Amino acid sequence: MKYLIRTVWILLLFLAFIAMDLSREAHAAERKFDLGFTPLDTMMDSERSTIYMTRVDSKEIYAVNYKTGEIQTLTLPYTAERLDIYQNHLYVTQPKIAHDKYNFGPYEGAIAVVNLDNLTFNHLIDVDADPYDIAVDQDGFIYITPGSGQHNNMKVYDLSTETEVYNSQAEAIMSERSVIYYNVVDSKLYTIPSTVRPVGITSFKIEKGKILDIYSSLYTGDYKLNKTAQISPDGLRLYNSGVAFNIEATAPNLFKEKYVFDQAYSYFAFSKKDQLTFAAGATGGIDVYKYDTNKYLYTLQNGVVANQLFYQNGLMMIRDHTLTVNSNIQAETLRIFTQQYRNGYDRKNKPVMNDLKTSMTKFPTDTAFEVLFNQHINVKDTSEIKLTGPEGPVPIKITSDNGLLSIAPTQRLQDASNYTLTISNSALTGYKGEQLAKSLKFQLKTIIPEIEKLTLQIDDKKVPGKYFFTAQATGGYKPQYLYYVVEGDAGTGPVLQKFSNTSSYTWQPSHNGLYTMIVRAKSTGADVGSEKVSRYNVLVDDHEIPTATFKVNKKTWTNQDVKIDITAKDNGGIDYIAYPEYGIKYDSQMTFTAIENGTYTFQVFDYVGNVFERSVKVSNIDKVKPKITLKVSTTAPTKNSVILTAQATDKNGIKRIKLPNGKYVQTAKTTYKVNENGKYTFIVEDVAGNQMTKSITVKSIDRKAPAVPKINKITTKTKQITGKAEKAATVYIYNGSKYVKKGTVDSKGNVSITIPKQKKDRILSFYAVDKAKNKSKIAKVQVK
Numbered sequence: 002m003k004y005l006i007r008t009v010w011i012l013l014l015f016l017a018f019i020a021m022d023l024s025r026e027a028h029a030a031e032r033k034f035d036l037g038f039t040p041l042d043t044m045m046d047s048e049r050s051t052i053y054m055t056r057v058d059s060k061e062i063y064a065v066n067y068k069t070g071e072i073q074t075l076t077l078p079y080t081a082e083r084l085d086i087y088q089n090h091l092y093v094t095q096p097k098i099a100h101d102k103y104n105f106g107p108y109e110g111a112i113a114v115v116n117l118d119n120l121t122f123n124h125l126i127d128v129d130a131d132p133y134d135i136a137v138d139q140d141g142f143i144y145i146t147p148g149s150g151q152h153n154n155m156k157v158y159d160l161s162t163e164t165e166v167y168n169s170q171a172e173a174i175m176s177e178r179s180v181i182y183y184n185v186v187d188s189k190l191y192t193i194p195s196t197v198r199p200v201g202i203t204s205f206k207i208e209k210g211k212i213l214d215i216y217s218s219l220y221t222g223d224y225k226l227n228k229t230a231q232i233s234p235d236g237l238r239l240y241n242s243g244v245a246f247n248i249e250a251t252a253p254n255l256f257k258e259k260y261v262f263d264q265a266y267s268y269f270a271f272s273k274k275d276q277l278t279f280a281a282g283a284t285g286g287i288d289v290y291k292y293d294t295n296k297y298l299y300t301l302q303n304g305v306v307a308n309q310l311f312y313q314n315g316l317m318m319i320r321d322h323t324l325t326v327n328s329n330i331q332a333e334t335l336r337i338f339t340q341q342y343r344n345g346y347d348r349k350n351k352p353v354m355n356d357l358k359t360s361m362t363k364f365p366t367d368t369a370f371e372v373l374f375n376q377h378i379n380v381k382d383t384s385e386i387k388l389t390g391p392e393g394p395v396p397i398k399i400t401s402d403n404g405l406l407s408i409a410p411t412q413r414l415q416d417a418s419n420y421t422l423t424i425s426n427s428a429l430t431g432y433k434g435e436q437l438a439k440s441l442k443f444q445l446k447t448i449i450p451e452i453e454k455l456t457l458q459i460d461d462k463k464v465p466g467k468y469f470f471t472a473q474a475t476g477g478y479k480p481q482y483l484y485y486v487v488e489g490d491a492g493t494g495p496v497l498q499k500f501s502n503t504s505s506y507t508w509q510p511s512h513n514g515l516y517t518m519i520v521r522a523k524s525t526g527a528d529v530g531s532e533k534v535s536r537y538n539v540l541v542d543d544h545e546i547p548t549a550t551f552k553v554n555k556k557t558w559t560n561q562d563v564k565i566d567i568t569a570k571d572n573g574g575i576d577y578i579a580y581p582e583y584g585i586k587y588d589s590q591m592t593f594t595a596i597e598n599g600t601y602t603f604q605v606f607d608y609v610g611n612v613f614e615r616s617v618k619v620s621n622i623d624k625v626k627p628k629i630t631l632k633v634s635t636t637a638p639t640k641n642s643v644i645l646t647a648q649a650t651d652k653n654g655i656k657r658i659k660l661p662n663g664k665y666v667q668t669a670k671t672t673y674k675v676n677e678n679g680k681y682t683f684i685v686e687d688v689a690g691n692q693m694t695k696s697i698t699v700k701s702i703d704r705k706a707p708a709v710p711k712i713n714k715i716t717t718k719t720k721q722i723t724g725k726a727e728k729a730a731t732v733y734i735y736n737g738s739k740y741v742k743k744g745t746v747d748s749k750g751n752v753s754i755t756i757p758k759q760k761k762d763r764i765l766s767f768y769a770v771d772k773a774k775n776k777s778k779i780a781k782v783q784v785k
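Using the working numbering, read the sequence shown as starting at 2 and increasing by one per residue.
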């Protein structure tokens, strides 16, 4: 038999005007392209006509142009999982550890930032979390749901600074591996857990990274919800499975159903312009409804089982997970009932109808099975129909009647045990001899016996801080224990430990009072309501105030942060330490880092609410660099030494100045003698260790004699002597030892001096003197 699973994207050109004519079938022009894999997460970018995707256990992200079918890929440093778009960037979760509900930290992970203009990796934002899903709000704050730890905190980071925004643990806690959605209309986040049942929805009111309010549905009525949801474009409704929940209301009316569909849907998309809702049927087809009235209009793509829908400007993108087979005999319904009911002896336990799920629990130990097919069947090979349990194959009796296959074990099954029912595709043939479309396999678990007796004991050696409770259940199957506490006459109280195989619990009360500790026990897998209950009364009376010591690591001037070590003690134990800027440390010790001067107030709380408070003043932090001015004794050309003067200033004082020769002087002002031109660097350091570097360049020292002047021919008729010499120098003329005249060389190196006519054969002497008073050698010229 040919069996193929493929993931296909179908592009539909949707004709919205068809909705006005319900008498005829809606039409669509379609284009298909095969991905070759099933996406883990998707995000549509309507500006680029692109859908971004990730793939299970892959570092690659995929950019699929839904108009052209072109696919681009980009490899990131770590496994790419969940996506969101903000301001021309794609943000991608980068878990560095495996998601594990039993891993309680510490965690590490990252968020990859991808430029969307050219699909290039920009950088990583490291986060102190195991990131599972993300959402970015309109103010540029990214919210990260936890991937590990059962119940853990949602992390918030400011994308402008890439720093964490802290919220209290009580506000940010949620189930690990929760999916998250952002509603820009009401500035709320919505989370849905993916690892717990029943599925509930929680809303978080947010503002610039801060959680302002939280409301959990806890219970969603009789509706079986999916792990994914879609928010309508107007932000008023949240669609999940077969329900549209009202999210514009406030508690307690939040999450009340607005519309209830006749069936469950796997995905929703919307046309805001045409006021249409598109609903992907779980068994095929896309039903179209009027958005405002929820009136059914028509169905598109009956043959398509859509896992995802996107709608944009008349185009509908459908992710189709298709099964293709070469025969059409298929199972439709599985019935489970007791052998007594089947034989007519017990009509109380009616058959359980099942829609062919791959796993079922809590069926009787005297179970029989019936599978209804879509046509007449014949049993071709009974050996290909098997029921196996913890001890191997179970003897069964097999019969068939038209399209009904009956399977009856010939012995009672074991309590609370797993069984596998397998019907191979070659076991049956249809009306025309064709085989079963695919093999069927069901994972089954028998009914679980109830707990018979439950006791609760206390160990009070460490009261009032901690109370150790131990429960003991007899009977049942792998007992699980739920602990909760009731204060005073209240009828109920907070759950301390959800059902777990851990029979003991350590309770730390939050304040004084009279309490009742209650434990419920049930068998693993048993229904809630079948528990045994035990109670224990506790009086908590503790008024002793905690104590704490504070140690500052630096008391002299410093340009570093100052660390304050805090150690707290209490007779009943420390709950947490509250530190500035609304921080909380659930420990008896912590180190606080002061980055600037100020008064910092700390509060130490014990488990019952007694408080110790102390303020610590920090005034020795100086991170401001000192100032320094440099002056030179002269900028005029000189052949003598030059004196440099350095003057440093700082509000808290100067420690030293480093001279250009590497030596230090312990003063705020100093001089430095320079004998040659060059760049001279001074480094000033204040008493806190801050440094400022400044340089000055000396160009005025000149000890080099100018070149000998070159004088042109002189005759007895010459009145203007010309020649070449160093620029800006002065040329002197002597007749023997008698001074004749002088002249200044211009910027081009030319000199011209007017003199009286000279006698023939007279010898004149010439020399040049530069600005630094350096004198050249003498040039002698005979008058012709």
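Where is the CB? At the ideal position from N, CA and C, for every residue including glycine. Treat the numbers as computed from the prediction; the structure is a model and nothing was measured.
query: Thinking C-alpha only, which one of Ser427, His124, Phe470 is nearest threonine 383?
result: The residue you call residue 383 lines up with position 382 of the sequence shown. Closest option to threonine 383, Cα to Cα, is Ser427.
message: For a minimum of 3 consecutive residues, which ranges assigned as the beta strand (DSSP E) are wholly contained in the segment 251-316?
response: Entirely contained in the segment 251-316, the beta strand (DSSP E) runs reaching 3 residues are, in chain order, 257-261, 266-272, 277-282, 287-291, 297-301, 307-313.
message: For a test of the three-state rule: what should DSSP assign to serine 798, helix, strand or coil?
response: Absent from the model: residue 798. The displayed extent of the chain is 2 to 785, so no value can be given.
- request: With a 10 Å radius around its C-beta and 16 neighbouring C-beta atoms as the bar for buried, classify tyrosine 665 as buried or exposed.
  value: Here residue 665 is taken as the residue at index 664 of the sequence shown, counted from 1. Under the 10 Å beta carbon count, tyrosine 665 is surrounded by fewer than 16 other beta carbons and is classified as exposed.
query: For serine 47, does the three-state DSSP call read helix, strand or coil?
result: What you label residue 47 is simply residue 46 of the sequence shown in a count that begins at 1. Assignment of serine 47 by DSSP, reduced to helix, strand and coil, places it in the helix class.
Residue range of the beta strand (DSSP E) that includes tryptophan 787: A query on residue 787 cannot be resolved here, the shown segment of the chain reaching from 2 to 785 and no further.
field: Boundaries of the beta strand (DSSP E) in which valine 200 is found, first to last residue
entry: To locate residue 200, count along the sequence shown from 1; it is residue 199. Where valine 200 is concerned, there is no enclosing beta strand (DSSP E), given that its DSSP letter is neither H nor E.
- request: Give me whichever residues DSSP pairs with serine 179 in a beta bridge.
  value: As a first step, residue 179 is located in the sequence shown; it is residue number 178 there, counting from the start. The partner list for serine 179 (beta bridge, DSSP) reads Pro194.
message: I need the straight-line Cα distance from threonine 503 to leucine 457, nearest angstrom please.
response: Here residue 503 refers to the residue found at position 502 when the sequence shown is read from its first residue. Here residue 457 refers to the residue found at position 456 when the sequence shown is read from its first residue. Threonine 503 and leucine 457: Cα-Cα distance of roughly 13 Å.
message: Judging by CA-CA distance, which residue of Thr411, Ser511, Ile684, Asn308 is the nearest neighbour of aspartate 42?
response: The residue given as residue 42 occupies position 41 in the sequence shown. Ranking Thr411, Ser511, Ile684, Asn308 by Cα distance to aspartate 42 puts Asn308 first.
message: According to DSSP, simplified to helix, strand and coil, what is asparagine 569?
response: What you label residue 569 is simply residue 568 of the sequence shown in a count that begins at 1. Note that residue 569 is alanine in the sequence shown, not asparagine. Taken through DSSP and simplified to helix, strand or coil, alanine 569 comes out as strand.
field: Inter-residue Cα distance where the pair is arginine 536 and tryptophan 508
entry: The residue labelled residue 536 in the question sits at position 535 within the sequence shown. The residue labelled residue 508 in the question sits at position 507 within the sequence shown. In a straight line, the C-alpha of arginine 536 is about 14 Å away from that of tryptophan 508.
query: Leaving out the 5 sequence neighbours to the left and right, which residues in its chain are closer than 6 Å to serine 204 when beta-carbon positions are compared?
result: In the sequence shown, counting from the first residue as 1, residue 204 sits at position 203. Excluding sequence positions up to five before and after serine 204, its CB lies within less than 6 Å of the CB of Lys189, Tyr191, Tyr216, all in the same chain and listed in chain order.
query: Apart from the five residues just before and just after valine 539, which ones in its own chain have a Cβ nearer than 7 Å to its Cβ?
result: One-based indexing of the sequence shown puts residue 539 at position 538. Here valine 539 has Tyr468, Tyr516, Met518 as same chain residues with Cβ atoms under 7 Å from its own Cβ, once five neighbours each way along the sequence are excluded.
Cutoff 6 Å; reference lysine 570; Cβ partners in own chain excluding five residues on either side: Within the sequence shown, numbered from 1, the residue matching residue 570 stands at position 569. Within the same chain, Thr548 come within 6 Å of lysine 570 by CB-CB distance, once the 5 residues on both sides are set aside.
message: Measuring only the C-alpha atoms, how far is lysine 387 from leucine 406?
response: Locating residue 387 in the sequence shown gives position 386, counting from the first residue. Locating residue 406 in the sequence shown gives position 405, counting from the first residue. So the two alpha carbons sit approximately 13 Å from each other.
query: Who are the near neighbours of threonine 694 in its chain, counting only those whose CB is closer than 6 Å to its CB and skipping five residues on each side?
result: For this step, residue 694 is matched to residue 693 along the sequence shown. Excluding positions up to five away in sequence, the list reads Ile684.
query: Buried or exposed: which applies to lysine 533, given that a residue is buried once 16 or more other Cβ atoms fall within 10 Å of its Cβ?
result: Taking the first residue of the sequence shown as 1, we reach residue 533 at position 532. Buried.
- request: Whole angstroms is fine: what's the gap from glutamine 88's alpha carbon to glutamine 231's?
  value: Reading the sequence shown from its first residue, position 87 is the one you call residue 88. Reading the sequence shown from its first residue, position 230 is the one you call residue 231. Between glutamine 88 and glutamine 231, the C-alpha separation is close to 22 Å.
- request: Classify threonine 383 as helix, strand or coil using the three-state DSSP reduction.
  value: Along the sequence shown, read from residue 1 onward, the residue named residue 383 stands at position 382. Annotated three-state conformation of threonine 383 is helix, per DSSP.
task: With distances taken Cα to Cα, identify the nearest neighbour of glutamine 151 among Asp771, Ile734, Ser501.
output: Against the sequence shown, residue 151 aligns to sequence position 150. Among Asp771, Ile734, Ser501, the Cα nearest to that of glutamine 151 is on Ser501.
- prompt: What's the call for aspartate 771, buried or exposed, on a 16-neighbour Cβ count within 10 Å?
  reply: As a position in the sequence shown, residue 771 is number 770, starting the count at 1. So aspartate 771 ends up on the buried side.
query: Just to confirm, are threonine 278 and tyrosine 268 a CB contact at a threshold of 7 Å?
result: If you number the sequence shown from 1, residue 278 lands on position 277. If you number the sequence shown from 1, residue 268 lands on position 267. Their beta carbons are not under 7 Å apart, which means threonine 278 does not touch tyrosine 268 by this criterion.
field: Exposure label - lysine 112; buried when at least 16 CB within 10 Å
entry: Within the sequence shown, the letter at position 111 stands for residue 112. The question names lysine, yet the displayed sequence has isoleucine at residue 112. The residue in question, isoleucine 112, is buried, as its Cβ has 16 or more Cβ neighbours within 10 Å.
task: Figure out for me which residue from Lys211, Asn419, Thr400, Ile86 has the closest Cα to the Cα of glutamate 48.
output: If you number the sequence shown from 1, residue 48 lands on position 47. It is Ile86 whose Cα lies nearest to the Cα of glutamate 48.
query: What are the boundary residues of the beta strand (DSSP E) that includes proline 96?
result: The sequence position of residue 96 within the sequence shown is 95, counting from 1. First-last of the beta strand (DSSP E) with proline 96: 90-96.
Where the beta strand (DSSP E) containing aspartate 159 begins and where it ends: Here residue 159 refers to the residue found at position 158 when the sequence shown is read from its first residue. Where aspartate 159 is concerned, the enclosing beta strand (DSSP E) stretches over 156-159.
- prompt: Under a three-way DSSP split, which group does glutamate 172 fall into?
  reply: Your numbering for residue 172 matches position 171 in the sequence shown. Here glutamate 172 sits in helix by DSSP.
query: Based on Cα-Cα distance, which residue from Asn104, Ile145, Glu371, Ile546 lies nearest to isoleucine 397?
result: Numbered from 1 along the sequence shown, position 396 holds the residue referred to as residue 397. The residue among Asn104, Ile145, Glu371, Ile546 with its C-alpha nearest the C-alpha of isoleucine 397 is Glu371.
Contacting residues, own chain, Cβ-Cβ under 6 Å from leucine 226 (five flanking each side not counted): Indexing the sequence shown from 1 puts residue 226 at position 225. Within the same chain, leucine 226 has close Cβ partners Val200, Asn241, Ser242.
field: Validate contact between the segment 437-447 and the segment 476-492 using beta carbons, cut 8 Å, 3 pairs
entry: Counting Cβ pairs under 8 Å, fewer than three are found: no touch.
query: On the three-pair Cβ rule with 8 Å, is the segment 774-781 touching the segment 742-750?
result: In the pairwise beta carbon analysis, the segment 774-781 is classified as not touching the segment 742-750: fewer than three pairs are separated by under 8 Å.
query: Looking only at its own chain, which residues have a Cβ that is under 6 Å from the Cβ of methionine 54, when we skip the five neighbours before and after it?
result: In the sequence shown, the residue the question calls residue 54 occupies position 53. Excluding sequence neighbours, methionine 54 sits near Pro40, Thr43, Tyr63.
query: Buried or exposed: which applies to arginine 25, given that a residue is buried once 16 or more other Cβ atoms fall within 10 Å of its Cβ?
result: As a first step, residue 25 is located in the sequence shown; it is residue number 24 there, counting from the start. For arginine 25, the pLDDT reaches just 37, beneath the cut-off of 50, and the residue's location in the model is therefore unreliable, although a value from the coordinates is still provided. Using a 10 angstroms sphere on the CB of arginine 25, the tally of other CB atoms stays under 16, which defines it as exposed.
Burial state of proline 710 (16 or more Cβ within 10 Å): Sequence index remark: in the sequence shown, residue 710 carries index 709 (1-based). Buried, since its Cβ has 16 or more Cβ neighbours within 10 Å.
field: For serine 634 and tyrosine 733, the rounded distance between their alpha carbons
entry: Locating residue 733 in the sequence shown gives position 732, where the first residue counts as 1. Locating residue 634 in the sequence shown gives position 633, where the first residue counts as 1. Whole-angstrom Cα-Cα distance: 30 Å.
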